[in-house]
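There are 2 protein chains.
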Amino acid sequence: MIDGQKRTVVDYVGPQVDGGRFPVKRAVGETVVVVAHAFCDGHDLVRAEMLYRKQEQSEWTIQEMACGANDEWSAMFRVLELGNYFYTVQAWVDGFATWQRDLRKKLEAGQNITVELQMGARMILAAADMAAPDDAQKLNEWAQVLQSSAGPVRAPEIALGESLTQMMRKQAHRSLSATYDRELAVLVDRPKAVFSAWYEMFPRSCGEAGRHGTFRDCERLLPEIAKMGFDVLYLPPIHPIGQTSRKGKNNSTLCAPDDPGSPWAIGSSLGGHRAIHPELGSFEDFQRLMAKAGEHGLEIALDLAFQCSPDHPYVTEHPEWFRWRPDGTVQFAENPPKKYEDILPLNFESDQWQPLWEELKGVVLFWIDQGIRIFRVDNPHTKPFVFWQWLLSEIRRDYPDVIFLSEAFTRPKVTQRLGKISFNQSYTYFTWRNAKWELEQYIEELTKTETGEYLRPSFWPNTPDILPQYLQYGGRPAFIIRLLLAATLSASYGVYGPAYELCVNQALEGREEYLNSEKYEIKLWDRETPGNIRPLIERVNRIRRQNPALQSIRNVELYPVNNEALLC
Amino acid sequence: MIDGQKRTVVDYVGPQVDGGRFPVKRAVGETVVVVAHAFCDGHDLVRAEMLYRKQEQSEWTIQEMACGANDEWSAMFRVLELGNYFYTVQAWVDGFATWQRDLRKKLEAGQNITVELQMGARMILAAADMAAPDDAQKLNEWAQVLQSSAGPVRAPEIALGESLTQMMRKQAHRSLSATYDRELAVLVDRPKAVFSAWYEMFPRSCGEAGRHGTFRDCERLLPEIAKMGFDVLYLPPIHPIGQTSRKGKNNSTLCAPDDPGSPWAIGSSLGGHRAIHPELGSFEDFQRLMAKAGEHGLEIALDLAFQCSPDHPYVTEHPEWFRWRPDGTVQFAENPPKKYEDILPLNFESDQWQPLWEELKGVVLFWIDQGIRIFRVDNPHTKPFVFWQWLLSEIRRDYPDVIFLSEAFTRPKVTQRLGKISFNQSYTYFTWRNAKWELEQYIEELTKTETGEYLRPSFWPNTPDILPQYLQYGGRPAFIIRLLLAATLSASYGVYGPAYELCVNQALEGREEYLNSEKYEIKLWDRETPGNIRPLIERVNRIRRQNPALQSIRNVELYPVNNEALLC
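The listed protein sequences correspond, in order, to chains F and H. Note that the working numbering has the first sequence beginning at -5, numbered continuously upward. Note that the working numbering has the second sequence beginning at -5, numbered continuously upward.
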């Protein structure tokens, strides 16, 4: 139903992601600068208001917007609580302000304003009818003066005066206002979703003399990690590792009896995603590690890898969650001709997808119960987007402080979608962006386009899966350069250590994989290798903490990057 | 209700205007290149289809899309009829194509494919169940071969062969397809909405020896106008002109008895918007002029100026459509301190806006009945956007060949909105864009951004209201330059003549108004002034007709503009 008297248009409200289909992201304490295009036909003045509310509130908080150039309006609000906020904009023709503007011009031109004052008085009297008694009395008095013979003389003082202006603004009725046709959403996380420094470490390599490391062993390393200035300690999967088709050193299909297997081959007779690999310790040890880490300002992040070893209990308990081949075997992961026999993907196309979803939600809630609030999600791009969208919103309803980092080294549209639906942080292509021009272009994309509203980058110069060529061939200076770039171009970043601070750069021939990768064996790191860059990491993380400009992607400025100078 | 088995995402479909709120524009015979982002999780192959239909059709026409780089898909359709088309995109995981791709890789790697062939055969048999008898028989046969001992040998020929591939594509069931959440619209006009050359002329100046010109007089000029290559002859309002507060020469409030008044001060005791100013001739004369113009390839465009002189019959018959002042007078148009006493705006905020809208629609239909199909709309930005949106769609329902040109020299957002809601053509800021850089920037905006999808520019180097400084001071070369730019940078353009081809450049002191403007007096033009640029106009319009690149804004390329070279 058209209302022909509604003359105002609210044509665009931002920030918005994908036409308003997805929320923009903010952390507690950050601001949302809401912009809108608002205008009407003709030359009348328009007034616009921003409306915002926390999801739980039924009433909008309303705030006046300011008009800049080109009919573009803005206002801002600060998000103070975790969860979802909504915002929109309304605007209407401000008849009284228009009248004031024209009256002022006519006064300046020395024109007769008697009739104009009658018209203004009519508006004031109409406002008085709607006002509270006190206000109404004042409005009636002003209207009388303007209509009287003293009107023309007192008009500048009364009609254009601050008191009447304020009162009429207050009384403005918005019956003919236009409201934007969408309510836009903000997802508000805790500050660590924006600003964080991650350290990834295999607990099993923390033992002494090549012995399988335990959570207790990890405790000894906490002071060193904290001293470097990290605030998240991320552990690869800590669950029992399968025996069937276990991989040996360097991803070999030949597995020696003492090879520990990949931690991502989750599940054995000892349990699945809710169990702890016994050699790492007990749940009690894990609790102790979390507590000790907390004392050092370190929060533990767990790996969420929704896949199974052939020995995972799910395989026998829920065969309907796997893809069975005509030969009676379960389909393992493959990227033909490559085969990953130690890993069985879950079949999200199963008719029984609903119980599967609930079970996986249960896994997340299980670790939340253990006190975990940060998950690094392994390969989210190999599970349906609808699943993540559901899971993350389910978890956030009760635990809005949980942070999910998307480990999706995949195609741009897929990476973006995972940000939209809405992982709190994302791995990025930084790992392979080396030249100044490509870094500038990429940072521009991440911070100055719509992407900056929903995708929070986490820059990783290396991971257990990736030893980039730049690090392979650049020596220690390359590790320094990449650290500085990661830590200063992105508010969140991380390294896989101790390989990183020890500048380990031996790769499999022609690959970007580590030689003798820690994924398949226990490493005995010499933490005191001369030339290790721990002091530099410590300094960089201190600079990050001291410099607010480095703590939000929306503040990032592009500093000139000069690799040569850094190499000297 | 989530369907967890739907793995595909259709993330963006274009072209779209303002998130799909408004149609894109095309002319009959043009194409719509539909693009979409479509992808799924993991590494499976996706298939995408464009769906389009004319508004009257209940069934979609479906067309396969092609995948380019970066998960971006495209397909195109040609619009062949006037009216509205809709389009959207659906996509789904193509399990069979994924299987074929993996099978090929395994064959190339020399792997055993026996189990794979069983899996493929299952898919083929499932397709056979849904297929027509002939197809089903073939599918069953192929499945049997692949399952037999001959399967591995014949797999390359059968499983990867063209016949099975085509058949399986045909049988694809789309039950788990994702469809974009919006249907996007195309407004299809006739070609003249895109490509046109307008000539504006005051009929009353076509008389001989200073006598008030008539439609009959206009007929004599048709050959000359047609020879110059124009295809639209646009006449300022042809209705009776008010007497009350009529303006004299140069917009003077003093009006001599023989001053003819501004044609935009519409309405007198002789009639309003449905009447013809008697001195111009009769309806019969008008019909004759239209017919003669048609013989010369010229289509008559009328002015639609929804405003009234104080003598317009509406004022007494429908006082509720005007804004009455407390002194009992009707509010005239003003832009304080300027006053336009000869023009009363209609009050669209009237409670009686619905009868007013219907009446104005009646005016348009009246002239459509007379055979008019092009309207140049005077100041549409001073009437509500909702009104135009309603009026244009009402008219188009029965007369999709009608073209409306928006004469809105106003703020950018307002100009854009009028394009969106959806005038077929728009006046632009070309009139004041002179330097190379600003022309490039402006053409870029008009052709390479979203604006190009909904705002069709019409470039006017002059109008009866505007004699730009560039023409005032640049002499004959300026008129040549501006003509060349208008005619080659925009598929539609127009000039106000004969002032233009005679290079009339005398302005009111310090203004961009013509001195002794034709708006307020009858002009006796000397059409044979030496140095008139008629031959050049003729040549330019011929080049336009011969060069398809100049006939569509979507084809426009930026040619280097070199004013100096043109001046030589």
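For glycine and all other residues, C-beta sits at the position ideal for the given N, C-alpha and C.
Indicate whether Thr2 (chain H) and Ala172 (chain H) have their beta-carbon atoms separated by less than 8 Å. Position 8 of the second sequence holds residue 2 (chain H). Position 178 of the second sequence holds residue 172 (chain H). Contact flag set, yes.
How is the beta strand (DSSP E) around Ala472 (chain H) delimited, first residue to last? Numbered from 1 along the second sequence, position 478 holds the residue referred to as residue 472 (chain H). No beta strand (DSSP E) holds Ala472 (chain H); the alpha helix (DSSP H) holding it covers Gln463 to Leu483.
For Thr55 (chain H), the three-state DSSP class (helix, strand or coil): The residue labelled residue 55 (chain H) in the question sits at position 61 within the second sequence. Strand at Thr55 (chain H).
Residues of the region 343 to 360 of chain H whose Cβ lies closer than 9 Å to any Cβ of chain F, in chain order: Glu343, Ser344, Asp345, Trp347, Gln348, Leu350 and Trp351
If you follow the alpha helix (DSSP H) that Asp123 (chain H) is part of, which residue opens it and which one closes it? As a first step, residue 123 (chain H) is located in the second sequence; it is residue number 129 there, counting from the start. Element bounds for Asp123 (chain H): Thr108 to Met124.
Could you tell me which of F:Glu444, F:Trp351, F:Val180 and F:Gln540 sits nearest to Leu340 (chain F), measuring between CA atoms? Here residue 340 (chain F) corresponds to residue number 346 of the first sequence, with the count starting at 1. Nearest C-alpha to Leu340 (chain F): F:Trp351.
What's the gap between the Cα of Lys513 (chain F) and the Cα of Phe224 (chain F)? Numbered from its first residue, the first sequence carries residue 513 (chain F) at position 519. Numbered from its first residue, the first sequence carries residue 224 (chain F) at position 230. So the alpha carbons of these two residues sit roughly 22 Å apart.
Can you name, in chain order, every residue of its own chain whose Cβ lies under 6 Å from the Cβ of Ile294 (chain F), other than the five neighbours on each side? For this step, residue 294 (chain F) is matched to residue 300 along the first sequence. The answer, listed in chain order, is Leu227, Met284 and Ala287.
To the nearest angstrom, how far is the alpha carbon of Ala485 (chain H) from that of Val534 (chain H)? Within the second sequence, the letter at position 491 stands for residue 485 (chain H). Within the second sequence, the letter at position 540 stands for residue 534 (chain H). Near 12 Å, if we compare the C-alpha coordinates of Val534 (chain H) and Ala485 (chain H).
Taking the C-alpha atoms as reference points, what is the distance between Glu343 (chain H) and Phe90 (chain F)? Here residue 343 (chain H) corresponds to residue number 349 of the second sequence, with the count starting at 1. Here residue 90 (chain F) corresponds to residue number 96 of the first sequence, with the count starting at 1. Computed Cα separation, rounded: 15 Å.
With distance defined between alpha-carbon atoms, name the residue in H:Arg370, H:Ala259, H:Leu215 and H:Leu386 nearest to Arg202 (chain H). Against the second sequence, residue 202 (chain H) aligns to sequence position 208. It is worth fixing the name first, because residue 202 (chain H) is Glu in this sequence and not Arg. For Glu202 (chain H), the nearest C-alpha among the options comes from H:Leu215.
Of all Cβ atoms in chain H, is any one closer than 8 Å to the Cβ of Asn106 (chain F)? The residue you call residue 106 (chain F) lines up with position 112 of the first sequence. No, Asn106 (chain F) lies away from the interface with chain H (no Cβ there is under 8 Å from its Cβ).
For Trp136 (chain F) and Asp88 (chain F), what's the separation of their Cα atoms in angstroms? By 1-based counting over the first sequence, the position of residue 136 (chain F) is 142. By 1-based counting over the first sequence, the position of residue 88 (chain F) is 94. Roughly 19 Å between the two C-alpha positions.
Could you tell me whether any Cβ in chain F is nearer than 8 Å to the Cβ of Ile460 (chain H)? Walking along the second sequence from the start, residue 460 (chain H) turns up at place 466. It does not: the Cβ of Ile460 (chain H) has no partner Cβ on chain F nearer than 8 Å.
In angstroms with no decimal places, state the Cα-to-Cα distance between Ala299 (chain F) and Pro254 (chain F). Position 305 of the first sequence holds residue 299 (chain F). Position 260 of the first sequence holds residue 254 (chain F). So the alpha carbons of these two residues sit roughly 18 Å apart.
Below 8 Å on C-beta distance, what does Gly13 (chain H) contact in chain F? Looking up residue 13 (chain H) in the second sequence gives position 19. Chain F residues near Gly13 (chain H): Gly13 and Gly14.
Nearest chain H C-beta to Gly488 (chain F) closer than 8 Å, yes or no? Indexing the first sequence from 1 puts residue 488 (chain F) at position 494. No, its Cβ sits nowhere closer than 8 Å to a Cβ of chain H.
Pull out every residue of the region 121 to 141 of chain H whose Cβ sits closer than 7 Å to any Cβ of chain F, in chain order. none
Below 8 Å on the Cβ atoms is my guess for Gly236 (chain H) versus Pro304 (chain H); work out the distance and round it to an integer in Å. Position 242 of the second sequence, counted from the start, is the residue given in the question as residue 236 (chain H). Position 310 of the second sequence, counted from the start, is the residue given in the question as residue 304 (chain H). The pair is a contact, with the Cβ atoms about 6 Å apart (cut-off 8 Å).
Name the chain F residues whose beta carbon is nearer than 7 Å to that of His37 (chain H)? On the second sequence, position 43 is the one that residue 37 (chain H) refers to. Simply Asn329.
Kindly indicate which three-state DSSP category Asp96 (chain H) falls into: helix, strand or coil? Counted from its first residue, the second sequence places residue 96 (chain H) at position 102. Asp96 (chain H): helix per DSSP, three-state reduction.
Go to Tyr193 (chain H), then tell me how far its alpha helix (DSSP H) extends in each direction, as first and last residue. Counting from 1 along the second sequence, the entry for residue 193 (chain H) is found at position 199. Counting along the chain, Tyr193 (chain H) falls outside any alpha helix (DSSP H), though it belongs to the beta strand (DSSP E) covering Ser190 to Glu194.
Just checking my contact of Asn418 (chain F) with Arg391 (chain F) at CB under 8 Å: how many whole Å lie between their CB atoms? Here residue 418 (chain F) refers to the residue found at position 424 of the first sequence. Here residue 391 (chain F) refers to the residue found at position 397 of the first sequence. About 15 Å; that fails the 8 Å criterion.
Please determine, among H:Gly365, H:Leu399, H:Asp372 and H:Ala402, the residue with the shortest C-alpha to C-alpha distance to Lys393 (chain H). Taking the first residue of the second sequence as position 1, residue 393 (chain H) is located at position 399. At residue 393 (chain H) the sequence reads Tyr, which differs from the Lys that was named. Looking at the Cα atoms, H:Gly365 is the closest of the given residues.
Against chain F, which members of the region 364 to 379 of chain H pass a CB distance test of less than 7 Å? His375, Thr376, Lys377, Pro378 and Phe379
Contacts of Ile(-4) (chain H) in chain F (Cβ-Cβ under 7 Å): As a working mapping, residue -4 (chain H) is identified with position 2 in the second sequence. Ordered by position in chain F, the residues that pass the 7 Å Cβ test against Ile(-4) (chain H) are Val380 and Trp384.
Going by Cα to Cα distance, which pick from H:Trp67, H:His312, H:Thr238 and H:Ala122 is closest to Glu58 (chain H)? Within the second sequence, residue 58 (chain H) is the residue found at index 64, counting from 1. Of the candidates H:Trp67, H:His312, H:Thr238 and H:Ala122, the one whose C-alpha sits nearest the C-alpha of Glu58 (chain H) is H:Trp67.
Assigned secondary structure, Asn556 (chain F) (DSSP; H/G/I helix, E/B strand, else coil): Your numbering for residue 556 (chain F) matches position 562 in the first sequence. Only weak support exists for where Asn556 (chain F) lies, its pLDDT of 34 falling under 50; the value from the coordinates is given anyway. It is coil, neither helix nor strand.
For a contact meaning CB atoms closer than 8 Å, what does Pro320 (chain H) contact in chain F? Along the second sequence, one-based indexing puts residue 320 (chain H) at 326. Within 8 Å Cβ-Cβ: Val109, Gln112, Met113 and Arg116.
I'd like the list of long-range same chain contacts for Ala472 (chain F), defined as Cβ closer than 6 Å, with 5 residues on each side in sequence excluded. Position 478 of the first sequence holds residue 472 (chain F). Answer for Ala472 (chain F): Tyr464 and Leu465, listed in chain order.
Within the same chain, show all residues whose beta-carbon is closer than 6 Å to that of Asp321 (chain H), passing over the 5 residues directly before and after it, in chain order. Taking the second sequence and counting its residues from 1, the one referred to as residue 321 (chain H) is at position 327. There are no such residues.
By how many angstroms is the C-alpha of Trp315 (chain F) removed from the C-alpha of Pro307 (chain F)? Start at 1 with the first residue of the first sequence, and residue 307 (chain F) comes out as number 313. Start at 1 with the first residue of the first sequence, and residue 315 (chain F) comes out as number 321. Rounded to the nearest angstrom, the two C-alpha atoms are 12 Å apart.
Run through chain F and tell me which residues come within less than 8 Å of Ala103 (chain H), C-beta to C-beta. Stepping through the second sequence from its first residue, residue 103 (chain H) is reached at position 109. Neighbours of Ala103 (chain H) on chain F, chain order: Pro330 and Pro331.
Does Phe369 (chain F) come out as helix, strand or coil in the three-state DSSP assignment? For this step, residue 369 (chain F) is matched to residue 375 along the first sequence. Residue state, collapsed to three classes: strand.
Check the Cβ of Gln(-1) (chain F) against every Cβ in chain H and list those closer than 7 Å, keeping chain order. Here residue -1 (chain F) corresponds to residue number 5 of the first sequence, with the count starting at 1. Here the neighbours are Glu343 and Trp347.
Neighbourhood of Ala480 (chain F) by C-beta, 6 Å cutoff - its chain only, sequence neighbours within 5 removed: Walking along the first sequence from the start, residue 480 (chain F) turns up at place 486. Closer than 6 Å at Cβ, skipping near neighbours: Phe453, Pro455 and Tyr487.
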